[in-house]
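Position in the sequence shown (from 1) plus 142 gives the number in this note's numbering. Cβ coordinates follow ideal geometry from the N, Cα and C atoms, glycine included.
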Amino acid sequence: MTKILYMVNIEGNYIKEFDATVIKNKKDYVCLDQTAFYPLGGGQPSDIGVLKWNNKESIVKEVIKKGDTVQHIIQGEKPPVGTKLHAVLDWNRRYNHMKMHTAQHILSGIIFDDYKARTVGNQIHAEYSRVDFHPANFTDEDIKNIETKFNKIVKKNLPVKIYEEERSSLEKRVDQQRAHLDLLPKFVTKLRIIEIEGFDICPCAGTHVKNTSEISEIDKIKKETKGKDKARIIYSLSKKST
């Protein structure tokens, strides 16, 4: 089993490079005893980067998770089992995903609170992202309202926390539809929680920033109709130095 370095707390999301040992070497991937690479899932792309060992270097072009196995798909030579190596993430890409994913939580919270529309799909990208909502049919005025509220929230400098909580405990203190608890399989009893202090509490396995001030305001936002009572919001964020 691989130790996932970003899972336990918010500081783990800021690991840019780390040391690890190869525990499995297969045709097109290797597994490590620990990793900070995020695997594809939850609408968020995987991290990419490089592995370095013994004056050699190979590219991590994708990461996927299957059961307890985190597979680092390699372009180039694969280090043998037992190799101690140094891994480096493409930090600019990863940090943009962190900002975009936290921004998605903010948008989803605003839209549920104001329009009772639930998030039914999302796709994170480094430069732009999209979220699908149902039931929803936003007007241009609605989009302006959403943008204004989003920008106010990020300016509040709200801390973001990551922790684990028993499902039974969380169910007693949140709106289950707002937090999508009713959509999680009943056998999932321990949850990884992303909390934007004073605004949102939601189970999520993605990577996030530790304060809303890191996100910046919305740069562009637009709406699309995606069928009966279903709407898509596409957004990008203003540039900030990383």
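query                                                                                                         : result
Under the three-state DSSP convention, the category N373 falls into                                           : Checking the sequence shown, residue 373 turns out to be Ala, not Asn. The answer is strand: DSSP assigns A373 an E or B state.
Local Cβ density within 10 Å of D161, reported as buried at 16 or more and exposed below that                 : exposed
Boundaries of the beta strand (DSSP E) in which V205 is found, first to last residue                          : 198 to 208
Other residues of its chain near E366: CB distance less than 6 Å, five sequence neighbours each side excluded : R374
Boundaries (first-last residue) of the alpha helix (DSSP H) holding L312                                      : 309 to 313
Expected contact under 8 Å - CB spacing of N353 and N299 to nearest Å                                         : 6 Å
4 or more residues per run - each alpha helix (DSSP H) lying fully within the stretch 276 to 349              : 282 to 296, 309 to 313
Separation of R315 from I288, as counted between CA atoms                                                     : 25 Å
Simplified DSSP state of G224, which is helix, strand or coil                                                 : coil
Contact set for E359: own chain, Cβ-Cβ below 6 Å, skip 5 residues either direction                            : N293, S380
Cβ pair R272, I376 closer than 8 Å                                                                            : yes
Range of the contiguous beta strand (DSSP E) that encloses H214                                               : 211 to 217
Straight-line gap, L182 to C173 (C-alpha atoms, nearest Å)                                                    : 15 Å
A229 (DSSP reduced to helix, strand or coil)                                                                  : strand
R309 versus A321, H276, H267, V302, residue with shortest Cα-Cα distance                                      : A321
F160 (DSSP reduced to helix, strand or coil)                                                                  : strand
Exposed unless 16 or more other CB atoms sit within 10 angstroms - verdict on F275                            : buried
Cβ shell of G224 (< 8 Å), same chain only, five flanking positions each side left out                         : T163, V164
When Y171, K286, V351, K145 are compared against Q213, the one with the closest alpha-carbon                  : Y171
C-alpha distance - Q217 paired with I201, whole-angstrom precision                                            : 5 Å
Unbroken beta strand (DSSP E) run spanning L174, endpoints                                                    : 171 to 174
Residue interval of the beta strand (DSSP E) (run including L193)                                             : 191 to 195
Backbone CA spacing between P222 and E159 [nearest angstrom]                                                  : 20 Å
Buried/exposed call for N151, threshold 16 Cβ in 10 Å                                                         : exposed
7 Å Cβ shell around L147 - same chain, five flanking residues per side excluded                               : G154, I157, F160, Q176, T177, A178
Nearest neighbour of I295, chosen from I338, P277, N264 [CA to CA]                                            : I338
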